[in-house]
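J.:
In this note's numbering, the protein residues as written are 274 to 582.
#1: I need the boundaries of the alpha helix (DSSP H) containing residue 394, first residue and last residue.
#2: State whether the stretch 329-342 contacts the stretch 286-293, with contact taken as three or more CB pairs (one from each stretch) at a distance under 8 Å.
#3: Give a yes or no on whether the C-beta atoms belonging to residue 485 and residue 465 are separated by under 8 Å.
#4: Which residue wins for smallest C-alpha separation from residue 467, given the options 500, 439, 423?
#5: Quick check: the Cα distance between residue 326 and residue 381, rounded to an integer number of angstroms?
#6: In the DSSP output, which residue or residues are listed as bridge partners for residue 446?
#7: Leaving out five residues on either side along the sequence, give the residues of the same chain with a beta carbon under 7 Å from the beta carbon of residue 336.
#8: In the DSSP assignment, find the unbroken beta strand (DSSP E) run with residue 402 in it and report its ends.
#9: Throw me the rounded Cβ distance for the residue 375 and residue 310 pair, which I believe falls under 8 Å.
#10: If you draw a straight line from the C-alpha of residue 448 to the C-alpha of residue 338, how long is it?
#11: Could you check the C-alpha separation between residue 497 and residue 321 for me, to the nearest Å?
#12: If distances are taken between C-alpha atoms only, which option among 404, 407, 383, 406 comes closest to residue 397?
#13: Within the same chain, show all residues whose beta-carbon is closer than 8 Å to that of residue 401, passing over the 5 residues directly before and after it, in chain order.
#14: Going by DSSP, what residue range makes up the alpha helix (DSSP H) through residue 484?
#15: Quick check: the Cα distance between residue 650 and residue 438, rounded to an integer number of angstroms?
#16: For residue 315, write down the residues that DSSP places opposite it in a beta bridge.
#17: Rounded to whole angstroms, what's the CA-CA distance from residue 367 to residue 356? Just pull it up for me.
#18: Taking just the CA atoms, how far does residue 319 sit from residue 476?
#19: What is the DSSP secondary structure of residue 302, reduced to helix, strand or coil?
#20: Nearest to residue 473 by CA position, among 277, 285, 278, 274, is which residue?
#21: Whole angstroms are fine: how far does the CA of residue 495 sit from the CA of residue 385?
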């Protein structure tokens, strides 16, 4: 398995606010903002945001099979499959972020989609947990791979419209479900290849990759994140330094330096793991804790900028 250069380039452009971005030629009429203010319907369906928020929640067949609403609910500075939807601009983003009504509805749209995926939003900080119907919805999500593209779009849009902090808790939950709990195994590649790399804060991104590296099997096929340091490798379990392998030589070091123990309490926020005894599990983010997990990378003049981790 190899990394996707297309994904790496696409997400590098997103994280760096689209270098060389050219504004659309059409006049900027703030169509996305007006949609979220309930002044215009989405096109081509002719549905207003309030109808979606009030009548579509729990209508999983409609959310699954309608393919025109997602570009309106989660706009980007990119063209999607619905050519009636308008790309965001910097000016519209600023107006959107300063409009309370639009931001309130945007969060409701986010919770609508989380519910569709079997997840619930816990608080205004973006912490998430399994919803009561998580088993049914996870089974569907694991078999519905076109939704993986939707989740990438949702994560990007969260960052564009002022909710960057909401992304890491969601990615952390999906990573844990896919990698450790085995409930979303088909989503693992998308989580590592796309979702983690939508996160703009490098320390958060690397901490998630560090957690994934600990649990990924077989360990020597883990492709994501910075290579472990080559010099001064620390002893592994039992006081032994791991023998070099072709994979470690290729990646340039001993992965033990990138695998210091990570407890449930430390992995995503101090005291941030919670449960209600019903299989519901919550995830929180602590910037301080995540920054402690940063892995350093030896500079390489041969590595393209868009392969940053």
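Virtual Cβ for every residue (Gly too), placed ideally from N, Cα, C.
T.: Per the coordinate set shown:
#1: Taken as a continuous stretch (DSSP letters only), residue 394 belongs to no alpha helix (DSSP H), being part of the beta strand (DSSP E) at 392-394.
#2: Result no; under three Cβ-Cβ pairs closer than 8 Å.
#3: A contact, by the Cβ cut-off of 8 Å.
#4: The shortest Cα separation from residue 467 among 500, 439, 423 belongs to 423.
#5: About 7 Å.
#6: Residue 446 pairs with nothing; no bridge assigned.
#7: Excluding sequence neighbours, residue 336 sits near 329, 389.
#8: Per DSSP, the continuous beta strand (DSSP E) segment holding residue 402 begins and ends at 401-403.
#9: That belief holds up - the Cβ atoms of residue 375 and residue 310 are roughly 6 Å apart, short of 8 Å.
#10: Taking the CA atoms as reference points, residue 448 sits about 26 Å from residue 338.
#11: Approximately 41 Å between the Cα atoms of the pair.
#12: Nearest option by C-alpha distance: 383.
#13: Only residues of its own chain outside the window of five on either side were considered, and among them 387, 392, 393, 394, 395, 442, 443, 446, 555, 556 have a CB closer than 8 Å to the CB of residue 401, listed in chain order.
#14: Bounds of the alpha helix (DSSP H) holding residue 484 are 475-488.
#15: The displayed coordinates of the chain run from 274 to 582. Any statement about residue 650 would go beyond what the structure contains.
#16: Beta-bridge pairing by DSSP links residue 315 to 320.
#17: Taken atom to atom, the span from the alpha-carbon of residue 367 to that of residue 356 is near 23 Å.
#18: As the crow flies, the alpha-carbon of residue 476 is around 42 Å from that of residue 319.
#19: In the structure shown, residue 302 adopts coil according to DSSP, grouped into three states.
#20: If we check each option's Cα against that of residue 473, 285 comes out closest.
#21: Looking at the two C-alpha atoms, the distance is approximately 33 Å.
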